[in-house]
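Written out below as structure tokens is the structure these notes cover.
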Amino acid sequence: MQLDPDEMTPVINRIKRAQGQLAGVLRLLEEGRDCEDVVTQLAAVSKALDRAGFAIVASGLQQCLVAGDGDIDSLDVKKMEKLFLSLA
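Reminder that position 77 of the sequence shown reads as 243 in this note's numbering, one-by-one numbering, no gaps.
Right, dumping it as structure tokens:
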């Protein structure tokens with residue numbers, strides 16, 4: 167299944183934002199900043215990446231449903247389940 171680049175624009179933006187946040191985490195570590203600040207920013211990066219992953223999987227599921235004319239039997243349910251669980 168190929169992802170539609172136009173549909174991935176919000177996901178790409180979210181990942182780029184997470185990339186900036188991760189650079190901030192590195193900067194905090196290099197500056198010897200407070201542990202709570204570092205962990206808070208790291209949690210934000212993690213959450214942003216999780217959301218991006220879920221958006222990618224959801225888009226893939228939607229494409230599968232559209233391509234299969236909504237026929238749930240045509241979905242590779244185990245594969246989609248594995249993708250979702252990989253983000254858990």
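A virtual CB, placed ideally from N, CA and C, is assigned to each residue, including glycine.
Bear in mind the structure is a predicted one, so any value in this text is a computation, not a measurement.
Query                                                                                                                                                             : Result
Helix or strand or just coil, what does DSSP make of P171?                                                                                                        : coil
In chain order, what residues of the same chain have a beta carbon less than 7 Å from the beta carbon of A210, not counting five sequence neighbours either side? : Q187
Taking 8 Å as the threshold (C-beta atoms), are L215 and V204 in contact?                                                                                         : no
What three-state label does DSSP hand L192 in the structure shown?                                                                                                : helix
Measuring only the C-alpha atoms, how far is L169 from T206?                                                                                                      : 31 Å
DSSP three-state call for G198: helix, strand or coil?                                                                                                            : coil
Buried or exposed: A184, going by 16 or more other Cβ atoms within 10 Å of its Cβ?                                                                                : buried
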